[in-house]
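Take the sequence shown: its position 67, counting from 1, is numbered 67 in full-length UniProt numbering, and each next residue is one higher.
Built from N, CA and C at the ideal position, the CB exists for glycine as well.
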Amino acid sequence: FADGRSVAAALALGADGVAMGTRFATTAESPLANPTKAAIADPSCNSGATESDTIYGKNFDGIPARVMRTPAAIRLNSAPTPFPIVALRAFKAARDLNMPLWKVLPGLFTQWEKMYVVAQFGAATEAIKAATVNGDLKENGVQFVGQCQGLISDVPTVNDLIQRIMREAGQVSHDQAAIFNESFGDDSDSFQEVS
């Protein structure tokens, strides 16, 4: 979801809310690296950041997710990372976070599958940091992103974005109500209960 039109559609279908992570990550206040914001908002920066320029899979970090199509994402999603590499990267990530290994090791023996997924995610932190902090989308970076990246063409402030979304959603709702009323009228008696 990236605009008021999609929000209005989701609400009309009965949703209580929508997820707009990619849209809000691409705002002026977001801590996402500026080159990464530019790649999402201006497809020419990244050989085309359209809605189909994503990869969906779990080989990257062990958890099914959608990421921007980058050289690193293609490489890292092509096959599951071998366990020795996952373990080394995960231990490095734990060290970088000042997490004592004695807190991690017992889980390897009691909850192997869960810890392996956690280790895979830990192993992925370098590639995530390369994209989100350093803006490296050419060599090492992997950026989580929604397909809505193809609808994003600017980097507004959060306030401007919220105002725009509300205005667009209101306009779509108003237009749809007018079409509905034109087709069926305002008379509630014209709607009969179906038994």
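(1) Leaving out the 5 sequence neighbours to the left and right, which residues in its chain are closer than 7 Å to V67 when beta-carbon positions are compared?
(2) For I101 versus A94, is the C-beta spacing smaller than 8 Å?
(3) Considering only the alpha carbon of each residue, which of L151, A65 and N181 lies closest to A2?
(4) Out of V18, G14, A87 and T26, point me to the one whose CA is closest to N62's CA.
(5) Measure from the alpha carbon of N34 to the alpha carbon of each residue in R89, L137 and A9, then state which is nearest.
(6) Mind the definition here: the stretch 21–41 touches the stretch 109–126 only if three or more C-beta pairs lie below 8 Å; say whether that holds.
(7) Taking the alpha-carbon positions, what's the I98 to H174 distance?
(8) Please go through the stretch 33–81 and give each complete alpha helix (DSSP H) segment of 4 or more residues, from N-terminal end onward.
(9) Is the beta carbon of M166 sitting closer than 8 Å to the one on G4?
(10) Between V155 and T36, how many whole angstroms is the CB-CB distance? I'm expecting something under 8 Å.
(11) Please classify S47 as buried or exposed, where buried requires at least 16 other C-beta atoms within 10 Å of its C-beta.
(12) Would you give the residue range spanned by the alpha helix (DSSP H) that K92 belongs to?
(13) Mark Q171 as exposed unless 16 or more other C-beta atoms lie within 10 angstroms of its C-beta, in which case mark it buried.
(14) Could you check what DSSP says for F180 in three-state terms: helix, strand or coil?
(15) Assign L13 to one of two classes, buried (16 or more other C-beta atoms within 10 Å of its C-beta) or exposed (fewer than that).
Here's the rundown:
(1) One-based indexing of the sequence shown puts residue 67 at position 67. Around V67: T54, I55, F60, A73, V142, Q143, F144 and V145.
(2) Mapped onto the sequence shown, residue 101 falls at position 101. Mapped onto the sequence shown, residue 94 falls at position 94. The sequence given here has Leu at residue 101, not Ile. For the 8 Å CB-CB criterion, L101 and A94 form a contact.
(3) As a working note, residue 2 is residue 2 in the sequence shown. Ranked by Cα distance from A2, the first of L151, A65 and N181 is L151.
(4) Working through the sequence shown from its first residue, we reach residue 62 at position 62. Going by the sequence as given, residue 62 is Gly instead of Asn. Checking every option, the nearest Cα to that of G62 belongs to A87.
(5) Against the sequence shown, residue 34 aligns to sequence position 34. When C-alpha distances from N34 are compared across R89, L137 and A9, the shortest belongs to L137.
(6) Judged by Cβ distances under 8 Å, the stretch 21–41 makes no contact with the stretch 109–126, as fewer than three pairs qualify.
(7) As a first step, residue 98 is located in the sequence shown; it is residue number 98 there, counting from the start. As a first step, residue 174 is located in the sequence shown; it is residue number 174 there, counting from the start. Before going on, a small fix: residue 98 reads as Asn here, not Ile. When rounded, the separation of the alpha-carbon atoms in N98 and H174 is 54 Å.
(8) With a minimum length of 4 residues, the continuous alpha helix (DSSP H) runs that stay inside the stretch 33–81 are 34–41 and 71–77.
(9) Translated into positions along the sequence shown, residue 166 becomes position 166. Translated into positions along the sequence shown, residue 4 becomes position 4. Closer than 8 Å, so yes.
(10) As a position in the sequence shown, residue 155 is number 155, starting the count at 1. As a position in the sequence shown, residue 36 is number 36, starting the count at 1. With a Cβ gap of about 11 Å, V155 and T36 do not count as contacting.
(11) Taking the sequence shown and counting its residues from 1, the one referred to as residue 47 is at position 47. The predicted position of S47 is uncertain, since its pLDDT is 45 and thus under 50; no value can be drawn from it.
(12) One-based indexing of the sequence shown puts residue 92 at position 92. It spans F83 to D96 - the alpha helix (DSSP H) in which K92 sits, taken as one unbroken run.
(13) Residue 171 sits at position 171 when you count from the first residue of the sequence shown. It is exposed - the Cβ of Q171 has fewer than 16 other Cβ atoms within 10 Å.
(14) One-based indexing of the sequence shown puts residue 180 at position 180. The answer is helix: DSSP assigns F180 an H, G or I state.
(15) Along the sequence shown, one-based indexing puts residue 13 at 13. That one is exposed.
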